[in-house]
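Line by line, the protein sequences give chains A and B. My numbering applies: residue 5 is where the first sequence begins, and numbers increase by one. My numbering applies: residue 262 is where the second sequence begins, and numbers increase by one. Note that the Cβ used here is the ideal one computed from N, Cα and C, for glycine as well. Structure first, then comments.
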Amino acid sequence: MNHLLIMPVILPALVAPFIIMVVRHHLDLTRIFSVASTVLLAAVALALAAQAADGTVMVYELGDWPAPFGIVLVLDRLSAMMIVLTSLLALPILLYAIGSGWDARGANFHALYQFQLMGIMGAFLTGDAFNLFVFFEVLLIASYGLMIHSGGGRRFQAGVQYVVYNLLGSTLFLFALGTLYSVTGTLNMADLAVKVAQMPAEDTALLRVGAVMLLLVFAIKAALLPLHFWLPSAYTNAPMPVAALFAIMTKVGAYSILRMYTLVFGPEVEATAGLSEAWLLPAALLTLMAGAVGVVGSKKIGRVAAFGAIASMGTLLIAISLFTQTAAAAALYYLVHSTLAAALLFLVADLVMERQGHWITPQLPMPQIGLISALFFAAAIALTGMPPLSGFLGKLLVLDATRSADLATWIWAVILIGSLITIIGMARAGSLLFWKGYGLPHEVEPEGETGAEAVAARPAQLPFVACFGLLAGLVGLTVFAGPATHYAEETAAQLYAPAVYIEAVLGEEAQ
Amino acid sequence: MELLVASAVGILTAAGIYLILRRRSFPVILGLSLLTYAVNVFLFATGRLVSGAPPILNKYEEVAYTDPLPQALVLTAIVISFGMTAVVVMVALGAYLTSKNDRTNMPAEPEGAGDDL
């Protein structure tokens with residue numbers, strides 16, 4: 005058994021308590037351990053991805069209990085892609101949080117950050133539905149702490165909403181798992197796939213109830229309209245580096261939909277056929293439009309980024325909801341892109357907020373305005389899907405994959421009009437923030453160092469390094485679009501041939 | 262017994278959802294607790310309702326047994342919901358103490374208001 009497979013879960017799970025119990029009072033030491041752990045995590049993720057790249061499905065049986073009796077971790081191309089994306093996203097965000105001093109504005113940032121990574125990694129690796137619930141809870145409980153990091157009235161109020169909404173989602177998750185267990189007698193995903201396929205068609209009412217409840221849970225996580233209401237105020241009021249990390253959390257929902265509805269409730273399973281197609285696609289179209297309109301209507305820079313993230317989730321879910329192999333490949337490419345782009349926009353929003361506050365109102369030009377506005381421009385281009393960055397390629401792939409769908413006209417119209425509205429919203433926010441300020445009358449400079457001057461006097465380098473790191477990721481995804489789409493296609497092909505996955509987990513006789 | 266368990270789950274869920282819709286932190290937290298009780302009872306029922314039987318297989322003779330897995334699931338769910346309730350109580354207390362307000366919906370904010378979150 006390959007013990008490297010469990011390292012992405014074990015490593016943060018060991019470093020986080022170490023940070024809390026041993027080095028809690030030394031800020032520099034917590035930073036060193038947190039960064040070292042994240043770098044190591046990225047190395048492990050890359051090593052695992054190299055092993056999974058040839059299409060083998062690796063299985064790790066916890067406690068050596070054979071599946072389906074024990075819990076298994078499974079690494080295939082999709083899991084490998086997601087853990088690499090998570091670890092490569094986590095590193096620049098962590099550097100940003102350190103460089104901007106966010107981690108010092110409250111207690112235990114780094115420990116919570118590591119627990120958050122542990123939960124996300126576990127959710128991507130697990131091959132057991134109840135274990136997926138447990139890792140959801142791990143990542144959620146860490147995210148509750150990160151979301152209210154450094155406190156404040158509105159942040160706490162948004163935190164209560166976020167916690168309550170997600171607890172409701174967790175309860176629904178348990179109801180769904182209970183229903184599935186009562187029908188199939190198993191919670192191992194591969195075993196579920198076998199049992200669901202064997203189920204007689206007239207005996208599947210409860211199974212369909214369970215499948216739809218599960219889809220609702222993942223739709224809450226993926227911020228699908230009308231279940232997205234937790235997202236805007238939570239992301240706007242969270243510390244921006246945390247919101248940037250949360251860009252991967254909505255993708256956990258998208259990943260779970262992709263995993264469960266190709267492996268267990270696949271398109272060829274008669275019992276659950278047609279359950280999701282009827283409303284998942286219209287809801288995804290509405291999500292994209294709501295996100296685009298929200299970008300235009302936002303009065304706060306953080307809210308622009310939050311609704312931009314919702315719009316990108318809409319595009320991603322449109323591609324996922326078709327449940328075809330080409331659309332899944334397009335979705336996977338767009339997923340990587342939109343995670344990096346949304347995270348970059350949140351970080352740039354924080355750079356702006358540090359200098360002139362939350363509101364999108366014309367103010368006197370801020371320090372380093374040229375660099376920040378250039379970064380905002382790049383992030384806006386990426387998120388709206390304008391050339392030359394990877395968002396354009398991603399949207400092109402999605403449009404191409406949806407060409408033969410039933411609602412192709414609607415999909416094309418919504419994606420194109422939604423992109424246009426998002427562009428208008430971004431242009432409005434950018435020109436108000438960065439251009440209008442030059443026309444304002446300069447007031448007499450007050451004596452002493454104001455907040456803005458203090459930032460100008462000692463501009464921190466690390467936040468810009470982090471932003472350019474994410475931007476480099478986007479550029480890399482554009483330049484190496486060929487290999488990236490090739491990998492996405494291979495991943496989609498593996499997703500739509502679940503027999504390999506099932507055989508790897510259960511052994512050959514299960515077929 | 263089926264009727265008793267089913268109605269208990271139903272009533273707990275209904276009461277929980279009603280309380281969550283009250284939009285004040287205390288009833289919302291009570292509602293969440295009721296919902297988690299409902300789901301715990303529901304999880305027990307997924308292993309079929311058997312009373313007075315041990316969750317152990319006996320290979321020497323035919324004895325009635327009950328499915329042990331839902332019991333393990335319920336145990337996990339209880340631990341998690343207990344921790345989550347503690348977290349939500351602390352966050353709600355923080356929200357109440359900093360904003361002197363226990364409503365769960367966000368108050369409107371005048372444009373250009375202070376940045377002190």
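Buried or exposed: residue 352 of chain B, going by 16 or more other Cβ atoms within 10 Å of its Cβ?
Looking at its Cβ environment, which holds 16 or more other Cβ atoms inside 10 Å, residue 352 of chain B is buried.
Span separating the alpha-carbon of residue 148 of chain A from that of residue 166 of chain A:
So the alpha carbons of these two residues sit roughly 8 Å apart.
Sub-8 Å separation of residue 498 of chain A and residue 158 of chain A beta-carbons:
The answer is no: Cβ separation not under 8 Å.
As a quick exercise: from B/298, B/272, B/300, B/277, pick the residue whose alpha carbon is nearest that of residue 292 of chain B.
B/277
Starting from the C-beta of residue 477 of chain A, find all residues in its chain whose C-beta is less than 6 Å away, skip the five residues before and the five after it, and write them out in chain order.
344
Terminal residues of the alpha helix (DSSP H) in which residue 338 of chain A lies:
329 to 360
To which residues does DSSP link residue 263 of chain B through a beta bridge?
DSSP, once it has assigned bridges, lists no residue as partnering residue 263 of chain B.
For chain B, check one thing: does any of its Cβ atoms lie closer than 8 Å to the Cβ of residue 141 of chain A?
It does; some Cβ of chain B falls within 8 Å.
Can the beta-carbon of residue 394 of chain A be found closer than 8 Å to that of residue 481 of chain A?
In this structure, residue 394 of chain A places its C-beta atom within 8 Å of the C-beta atom of residue 481 of chain A.
Across which residues does DSSP place residue 78 of chain A in a beta bridge pair?
A/63
Short Cβ contact (8 Å threshold) for residue 122 of chain A with residue 16 of chain A:
Against a cut-off of 8 Å, the Cβ pair of residue 16 of chain A and residue 122 of chain A comes out as a contact.
Please state whether the Cβ-Cβ distance between residue 99 of chain A and residue 340 of chain A is less than 8 Å.
Contact: no.
Per DSSP, cross-strand counterpart(s) of residue 192 of chain A:
A/132
Contacting residues, own chain, Cβ-Cβ under 8 Å from residue 471 of chain A (five flanking each side not counted):
96, 100, 348, 351, 352, 355, 379
Run the CB neighbour count on residue 396 of chain A, radius 10 Å, all protein chains shown included, and call it buried at 16 or more, exposed below.
Around the beta carbon of residue 396 of chain A, 16 or more other beta carbons sit within 10 angstroms, so the residue counts as buried.
What residue range is occupied by the uninterrupted alpha helix (DSSP H) comprising residue 331 of chain B?
329 to 360
Distance between residue 173 of chain A and residue 299 of chain A (C-alpha atoms, nearest Å):
Distance between the alpha carbons of residue 299 of chain A and residue 173 of chain A: 26 Å.
Would DSSP call residue 522 of chain A helix, strand or coil?
The structure shown does not extend to residue 522 of chain A, since chain A spans only 5 to 515, so no value can be given for it.
Taking 8 Å as the CB-CB limit, is residue 327 of chain B close to chain A?
no
With DSSP as the reference, identify every bridge partner of residue 304 of chain A, one or two as the case may be.
Answer by DSSP bridge pairing, in chain order: A/363.
With a cut-off of 8 Å, does the C-beta of residue 344 of chain B fall near any C-beta of chain A?
yes
Please decide whether residue 46 of chain A counts as near chain B, where near means a Cβ-Cβ distance under 8 Å.
no
Collapsed DSSP secondary structure at residue 364 of chain B in the structure displayed
Residue 364 of chain B falls in the strand class under three-state DSSP.
Helix, strand or coil for residue 212 of chain A? Go by DSSP, reduced to three states.
The DSSP-derived three-state label of residue 212 of chain A is helix.
Boundaries (first-last residue) of the alpha helix (DSSP H) holding residue 241 of chain A
Taken as a continuous stretch (DSSP letters only), the alpha helix (DSSP H) holding residue 241 of chain A covers 235 to 241.
Listed by chain order, chain A residues near residue 355 of chain B by CB distance under 8 Å
152, 155, 160, 163
Leaving out five residues before and five after residue 378 of chain B in sequence, what residues of the same chain have Cβ atoms less than 8 Å from its Cβ?
Because the pLDDT of residue 378 of chain B is 45, which lies under 50, any placement of that residue in the model is unreliable, and the number read from its coordinates should be weighed accordingly. The answer is none, since no qualifying residue turns up.
Quick check: the Cα distance between residue 7 of chain A and residue 331 of chain A, rounded to an integer number of angstroms?
Straight-line Cα distance between these residues: approximately 34 Å.
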